[in-house]
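Chains as they are written, first to last, in our numbering: chain A, 5 to 397; chain B, 693 to 771.
Below, the structure is given as structure tokens:
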């Protein structure tokens, strides 16, 4: 079937804690995407270590083809034992979706996965197996395009307990809320954020427990082709533009850079309209060209894009404010939004030509840093769990 | 008359935004918006000297400080 996924998560730290006791790992194998959510016992440093160890061990072993038994055994034997409770303990959920559409869900003591298909809540059957004394639920199924799967730590179902809600936000109500949010949110991040935001409100902005929502949406693949910088050897302009214009109807195309845009305009014989609309004083206006999704200035815009993406990857600051920033009509926000919400893989076509005018110490910003920005962009997008290729010209 | 102002990286850093604002203001105060067509442009390849501005294809280099006198001379002067 060739499915791909949009994965994102959002965590709230227990009030006053600097570290989160939940940890999400997002991984890829050659034929699958894996999302792991671990919730360490307690809170703060201890919980953070337990959760990190658990998610990392599971991730690494899964990647190397270990069985569930081996993973669980390793975790049990590796986790440090809590002095207070005399046990080593972290709950976890693992979701693996193969490109073929086959999916595998493993759950240990976390609130159950919320599975939404065609706008309806699906039931995940009980199929409990005891592994090393732990009762683990396993479920093998097939996903379809449009499916959303949500993993959560128990901070979600405890939201509001004892104050706004007698028994916290019960699973059924969270699931109903998720089903309601599902058609209103386009990306995994917005769905995860919406649920997390609701928890935060129920906690009256003082979460009593670490709260994490991790979401995977099964989507069509959405490649983005980004071209920036003129080719070192101008005779390769046409080749570079042709490669960048390649791909199917689903491919989105961005060109970052005035000179690059001019080259594209020349090679494709399409008119370039540059707007004078300074929506953000620091980011030069965007331009328009028929059939091209986004035309922006280069280095200054990319620099801002990376700032936004780093904020996103760091996760702590992803809130309503972040999305307001992302929805702004300046070039950088528009690129960042496309890369975060409307992209499953990024292909960059990068020219290595050096603009002599940028080698000018009189300028208040070093413009000669395109390749450095490209590297940073590559790493940040990879951290988001999306594959990136870079071709230099 | 077609006037373009470069908003590429280097020109942006040298004050394109300010020049555009001044030009738009000047066009308004001189009441010549039907005669002067202001446009954005990308790099014209002359970044070293200042913000690139073209008037009917002729290239000039400006800074925010010289915008007003430039407008009086090269734009109003040609109308």
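Every residue, glycine too, gets a C-beta built ideally from N, C-alpha and C.
For residue 755(B), there is no enclosing beta strand (DSSP E), since its DSSP letter is neither H nor E.
Taking the C-beta atoms as reference points, residue 28(A) is found no nearer than 8 Å to residue 101(A). At least 8 Å separates the beta-carbon of residue 268(A) from that of residue 374(A). Looking only at 185(A), 62(A), 159(A), 244(A), the smallest Cα-Cα distance to residue 203(A) is reached by 159(A). Under DSSP, the beta-bridge partners assigned to residue 10(A) are 221(A). The beta carbon of residue 393(A) sits closer than 6 Å to the beta carbons of 351 from its chain, once the five residues preceding and following it are set aside; these are given in chain order.
Excluding sequence positions up to five before and after residue 735(B), its CB lies within less than 6 Å of the CB of 700, all in the same chain and listed in chain order. Under the DSSP definition of a beta bridge, residue 227(A) partners with 349(A).
Out of 237(A), 271(A), 199(A), the CA that lies nearest to the CA of residue 248(A) is found in 271(A).
Within the same chain, and ignoring the five residues on either side of residue 18(A) in sequence, the residues whose Cβ sits closer than 6 Å to its Cβ are 47, 211, 213, 214. Closest in alpha carbon position to residue 323(A), among 196(A), 111(A), 182(A), is 196(A). Residue 105(A) and residue 99(A) have their C-alpha atoms some 12 Å from each other. Interface flag for residue 292(A) against chain B is unset, since no Cβ pair is found closer than 8 Å. Fully contained in the region 694-720 of chain B are the following alpha helix (DSSP H) runs of length 4 or more, in chain order: 701-705. Per DSSP, residue 247(A) is one residue of the alpha helix (DSSP H) stretching across 241-249.
Residue environment for residue 337(A): buried (at least 16 other C-beta atoms within 10 angstroms of its C-beta).
Look at residue 722(B) here: in three-state DSSP terms it is coil, with no helix or strand label.
DSSP, read as helix, strand or coil, puts residue 117(A) in coil.
Residue burial annotation: residue 84(A) is exposed, with fewer than 16 other C-beta atoms found within 10 angstroms of its C-beta. One finds 280, 282 in chain A with Cβ atoms closer than 8 Å to the Cβ of residue 712(B), taken in chain order. If you look at residue 59(A), you'll find it in the alpha helix (DSSP H) that goes 48-67.
Bounds of the alpha helix (DSSP H) holding residue 306(A) are 303-318. Distance from residue 346(A) to residue 226(A) at the Cβ level is roughly 6 Å; contact confirmed, criterion being Cβ atoms closer than 8 Å. The beta carbon of residue 302(A) falls within 8 Å of a beta carbon belonging to chain B, placing the residue at that interface. Within chain B, the C-beta atoms nearer than 8 Å to that of residue 266(A) come from 734, 735, in chain order. Taking residue 311(A) as reference, the option from 135(A), 61(A), 381(A), 96(A) with the minimal CA-CA separation is 381(A). Residue contact with chain B for residue 333(A): absent (no Cβ-Cβ distance below 8 Å to any residue of chain B). For residue 131(A), same chain residues with a beta-carbon under 8 Å away, outside a window of 5 residues either side, are 141, 142, 143 in chain order.
At a cut-off of 8 Å, the C-beta of residue 355(A) has no neighbouring C-beta in chain B.
Against residue 699(B), the close residues of chain A are 262, 278, 279, 280, 282, 288, 289, 291, 301, in the order they occur along the chain (beta-carbon pairs closer than 9 Å).
In summary, residue 10(A) is buried, with 16 or more beta-carbon neighbours lying within 10 Å of its beta-carbon over all protein chains present. For residue 720(B), no CB of chain A lies under 8 Å from its own CB, so it is not counted at the interface with that chain. Of the candidates 182(A), 174(A), 112(A), 171(A), 112(A) places its Cα closest to the Cα of residue 73(A).
Annotation: residue 59(A) to residue 123(A) spans about 30 Å, alpha carbon to alpha carbon. Beyond the five residues adjoining it in sequence on each side, residue 746(B) comes within less than 6 Å, by CB distance, of 696 in the same chain, given in chain order. With respect to the 8 Å criterion, residue 233(A) and residue 264(A) are classified as neighbours on the basis of their beta carbons.
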